[in-house]
Structures are given as structure tokens and as C-alpha cells.
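Chains as they are written, first to last, in UniProt numbering: chain A, 1 to 332; chain B, 1 to 332. Quick reminder that beta carbons are idealized off the backbone N, C-alpha and C, glycines included. Treat the numbers as computed from the prediction; the structure is a model and nothing was measured. All remarks here apply to the structure that follows.
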DNA sequence: AGACTGGAATGCAACGATGTAATCTGCAGT
DNA sequence: ACTGCAGATTACATCGTTGCATTCCAGTCT
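Here's what the structure looks like:
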């Protein structure tokens, strides 16, 4: 049977509370006593029971990370960084997937405490449907992503600015007929579309709805399907395809290849997120990078503060981005 | 404040224990009483406190999944399936990463209980160094992967047989100078090398150590680096590259492209694992598929049985595999 | 009518850790 | 030697749930 504070206490000849004091370090313990207790813990291989501690303290030292779908490399990479950042703070991590389903998202939020987590980091599905609304009792929660909700803490990425930067740079390097791949009514898609249009406008290039290619989601196959249909529709020449994610860009590479178009000689292609795979596609993708480890660490830091002070006013951390130029783009 | 069994009980005019009986359903409760209690639970938005339950029962309803690195798409996809399979059984999932470090693996095993998990599913780093050894006290654990250890439950994949099948088929379709990419002293690499050699031998083709290309790991960049070095060393013609994983195969595509070799016209390329991305590389990869959702579900089922009966003798489930032919290979 | 049966409901205690308040110890100051 | 006091240690109660043993009750049998 597993050792408890009682066992450690009797081995060391002290009371259980003293053992607890040694463990938590909030009260003074005489060095000699501390040494004896520590020896006892080692001798008995004592490991605290977190269920008991959680029951007593109302804190479990566990947080949940809820992303849409771990099969998508971007989310998987984010999860990797969350796991690392949490481990660095001695926190356990529970994984959840929302699968782009607002219902699952709402359930997670309402059931957070049941799942014995102290708080939740969430990549919200959608602005309209998100369960994060004013006036609803929420567990400590930090949002990450593109949708800005001034109700809760969040780590926010300025998608419009990032895509505008990238598109502007494409224009500077001589691209004129630039398509956007991955449009939808998802708020992140809308933000990216905005950035794309802004860049065109400020360069005096007319926007053309025919070049704004919708796709069901940002997975490679969906993007490839969408771009194939676009290319089949005889849209006239296009010298660049700005994709809403690296995954979509990978699909774009596939579709362009199927249509006999060379990247970057005939068409430049860009992605978004700088996932690991974006560096090893053929050709490697020009994309938008941000520091994922920093996002993870910041989100967890915000969450810890929120747990410590549930009443403080919401904070927003804006994330810098950086353009990464690889050989899927070239000057014209 | 959150409602407890006491609150529900007094609302429904019964004792706390009756509420508990309704929740757990082990004892008979009169339908009328049950209805009243259930109404109370709804009215008060009662959610059981899992810490308390865990303390009382010694079970938390939570399992840990420990994989090497979620940044690697294969592990990310496995995690996705684990999360789904666990959710289907009402289990919570804690994520852990071992980072190919036997020390972290050992720590996870010894600290499993501290982390308040009932059991652990582990993809062991290495046969020699794994902390899973006879005579060591272990929490309930199920291994998944290529290394067979008859000490604990496991879901086992016959790598040698799979690679032998694939290589044999390449030989049948006319390939003769077949390289293996991804060799190392990792037991899974050794198993795959074995299968490759077996297939060559049984076709009467002499094995050639010069065609067995080592790489540090199975990530695309490492594989690309290894294959680039190989191709630079003027090894003579090669008509197929059998890669130890899809990730390595993606690296191979990059290296071959850099050397002006066309896939599949000049060289066929194959992968292993059938990760999502393998279908959307240029060209899409021929690979070895297995049912990842089945692995996840089976591993969790084994773990549940092990938790219920810690003493039973270890079981091993062998996983079927299936070849998936895509356009990275062609007949010669 | 009284004894008996078995299902339904309850009271109590315990899981392990820790906050609170009380007690104890050693030592300085008189 | 005695008081006073701060720091160290302890006893007790409690967090929410559930197993055990007990009690309660309606219905059946003699």
C-alpha cells in the first residue's frame, strides 16, 4: 500500500501536519525536523495523493487544453508546446478536442470543474457560437487564437496584419494576380481575407471576388479540392496563391502540380503558421511564423494569474509575427 | 458555490447516500425516488467532485497517454485517436511526452499514481533502456509499438512482416536496387531492417549494406540530410527507397527532388504509418497502413482490464497491417 | 395477528491532506 | 527562578463521496 502523511509522520516521529508543513513550506519547520521528515519521505517512497489534496484545497494542479483537432499538425505542435510549458510549471495537462463543434466547447466549459481541472485553455471554434459569453459563469479560461473577445483573457494573433504584411511583400516583389485560398465564414478566415484585401487596396490593385477561393476547411485535401475546382474553371492567369494555413498551402501545391503549374516559377504559394512540415514540402513554403512556445507559456501564465485572481479584469496579449521566406515564392 | 450530494439530497428529501446510489446505479432505487433525485441534480446543476470520488474510490477515471513527441504527426494522430477512444469510455486523458528520453519514461512510470491516473499507455522509447522491467513495481500500463516485452500488456505491430510485404511487392513490380532509409539502433528500425533483408533474400537479391542508409531519427529533415549525403556519395543507381516512416519518406522526396530525380519515374518511394500527410505529398506516398483508432481503443480496453485485474497474465494484441499503393511507386 | 422476508433508504466512518486554533518548547529578560 | 513571548508543533475538523452495516417498511406467509 502507498505511504501517506500519517506513515511518514510516524516514521519521523512527528505529526501529520508537520509533514504537510514540510511539503508546503509555508510555515517554518526546524531544519532538524525537516531533515527527519524528508528522510522519512524518501525511505517510504512517499508520494502525495493529489486527489486528497485537490479535495481539501479545491485545486488539482491540472489544467485542460482544448484544441480543435490534434490530427491537424498546427494544433499538434501547439499541444506539444503546451505540454512542455505546463511541465515546466509542474502542472498536469488534460487534453480535450472540440472538433470544431461549439457544443463540445460549451460542454467543456460548463464541465471544467467536473473534470477536476483548475482552468482551461481554449482555442475557440467561432466567435458567434462560442460558449464564452458575457454573463455566463465560467471557469478560469484563457483563449488563444484569432477571435478577440474582451470578456476573458486571451493570447491574440493579428491575422489581418500578418496576411497584409505578406501580401504587401508579394506585391512589392512583382505579383499582381494574387488569389486567396481558404475563405469561409470562420472569423479567422474573415480576418485573413481582410488583411489580403487591405494589402491589395493600399497598393492600388482592385480586389477581385473571383480570386477569393472558398474552401470547407483548411485541411490540405479540402484546399486542394477547392483550388482544383478554381483552376478547372479557367480563371485566367494567377501569379500567387496566398493560403490561409500551411496545410491549405500543401493542398495548393498538390493542385498546382496536378495542373502542370510550377511553384514558384509559374505561381508563388504562401502559407500561415510555419508548421514543421512547411519547411520540407517541395518546394518549402514561404509562411508566417510566430513563437508557439511563447504562446503556450504566456497562455499558461495568464491562466495561473486568472486562477489566483478570478475577479481581475481580462487581459489581452498580442502576439508578434514574422515572415519566413522560402522557395515557394520568387520575384517576378 | 458548487452543489454537493448533500445539497441534492436535501432538495430531493433523501439522504446523501441515496443520491450516491442513484449516481452509481449499483443498488436498487425506487423509480420515484430516482426521478426526484435526478430532478434535484438538474435543478442544482450538480456535478460530482472527482477529487472526492477519487479519494474515496482510489480511482480517478483518468489515464495518461505518453508518446514521444506530439510534434511528430504520427504521434499526434495517435493522440487524437486516444482522446476519442477515451472520451467514448468516459475517461479523462492526461498527455505526457517522453521526448525519446528513457529517464522521463521511467519517471512517468514511477510517478503515475502521483499524477492521479489509474493507468498509463506508453510508447516505449527503447527495448534496452525502457523502465518496464521484470520485478519493478509498475502501475497498470499498456505498451504500444514495435518492441515486444512479454511482461506487460501490449498492442504490437509486426514491423518486420509489414516491411517485408512491402519490399516483396516492390520486387514483384520490378525493382532491384532497393535502398532502406532510416536505419539506426532503435529496435523498431532493426525490425524494419530485418523485414527489408528478409524480402530481398527470399527473392534471391543480395543484401547490400551500402543501401542501408542510417539516419539520426525518422524526421523529414534528418532523413533528407541522410539521403542527400547518400546520393552525393555516388552510390550507383537506385530504383526504390523504402523509408522507415512517412516522415522519412517526405524527407526522401525532398532530397530526391534536390538531386533532380523524379518520383516515381526514376525512383519509387515508400513510407510507413499512413499518416494523413502521406496522401497529399507530391506525389502521394505508397505506405503501410494500420487502424489507428483500433489501436487506441484496444490499448484502452487492455488498460481497463488491467486496472480491474492487476494480477492477470500479460496479453498481447497483434495488429494487422495493409499496404496502400499511391503514385510514389510504379512498376518497372 | 404476528413473524418473516427482502428491497429501499439511511447513518456512520473513512479515503488523505491541510487550515485553524490551540498547545508546547526553549530562551531572553527581569 | 519566573514570566513573557515567538517560533515550532500538534489536535481537530473538514473537503465530497461512497462502502458497510443498520434500520425501515410494505407485503407475504402461517
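query	result
Under 8 Å between C-beta atoms of residue 51 of chain B and residue 92 of chain A	no
Interface flag, residue 254 of chain A vs chain B, CB-CB below 8 Å	yes
8 Å Cβ cut-off: residues of chain A touching residue 321 of chain B	Within chain A, no residue comes near residue 321 of chain B; the closest Cβ sits about 20 Å away, beyond 8 Å.
Residues of the stretch 107 to 123 of chain B whose Cβ lies closer than 8 Å to any Cβ of chain A, in chain order	111, 113, 114, 115 and 116
Beta strand (DSSP E) segment containing residue 94 of chain B, residue limits	92 to 97
Enclosing beta strand (DSSP E) for residue 20 of chain B [first to last residue]	No beta strand (DSSP E) contains residue 20 of chain B, which is instead part of the alpha helix (DSSP H) from 16 to 24.
Contact under 8 Å by Cβ, residue 69 of chain A with residue 99 of chain A	yes
Local conformation of residue 65 of chain B per DSSP, three classes	strand
Residue 325 of chain B - DSSP class collapsed to helix/strand/coil	coil
Residues of the stretch 257 to 271 of chain B with Cβ closer than 7 Å to any Cβ of chain A, in chain order	257
Validate contact between the stretch 149 to 157 of chain B and the stretch 213 to 223 of chain B using beta carbons, cut 8 Å, 3 pairs	no
Where the alpha helix (DSSP H) containing residue 11 of chain A begins and where it ends	5 to 12
C-alpha gap between residue 256 of chain A and residue 74 of chain B, whole angstroms	26 Å
Residue-level contact to chain B via CB, residue 24 of chain A, 8 Å cutoff	no
Within 8 Å, strictly: CB atoms of residue 351 of chain B and residue 224 of chain B	Residue 351 of chain B is absent from the model: chain B starts at 1 and stops at 332.
Counted within 10 angstroms of its Cβ, other Cβ atoms place residue 246 of chain B as buried (16 or more) or exposed	buried
Paired residues, beta bridge with residue 316 of chain B - DSSP	B:154
Secondary structure of residue 122 of chain B, DSSP reduced to three states	strand
Residue 273 of chain B burial status per 10 Å Cβ neighbour count (16 or more: buried)	buried
Neighbour flag for residue 66 of chain B against chain A, beta carbons, 8 Å	no
Three-state secondary structure assigned by DSSP to residue 233 of chain A	coil
Collapsed DSSP secondary structure at residue 105 of chain A in the structure displayed	helix
Given residue 228 of chain A as reference, the closest of A:240, A:13, A:253 and A:161 once Cα atoms are compared	A:253
Top-ranked residue by Cα proximity to residue 239 of chain B, from B:258, B:265, B:260 and B:215	B:265
Inter-residue Cα distance where the pair is residue 12 of chain A and residue 299 of chain A	41 Å
Closest by C-alpha distance to residue 284 of chain A, when choosing among A:271, A:64 and A:292	A:271
CB contact below 8 Å: residue 212 of chain B versus chain A	no
Where residue 253 of chain A sits in the DSSP three-state scheme	helix
CB-CB length for residue 164 of chain A against residue 195 of chain A, believed under 8 Å	4 Å
Residues bridged to residue 268 of chain B (per DSSP)	B:240
Beta strand (DSSP E) segment containing residue 287 of chain A, residue limits	287 to 289
DSSP beta-bridge partners of residue 214 of chain B	B:183
Within chain B, the residues that residue 251 of chain A reaches when beta carbons sit closer than 7 Å	280
Three-state class that DSSP yields for residue 143 of chain B in the structure shown	strand
Outcome for residue 145 of chain B when other beta-carbon atoms lying within 10 angstroms are tallied against a minimum of 16	buried
When A:179, A:123 and A:118 are compared against residue 187 of chain A, the one with the closest alpha-carbon	A:123
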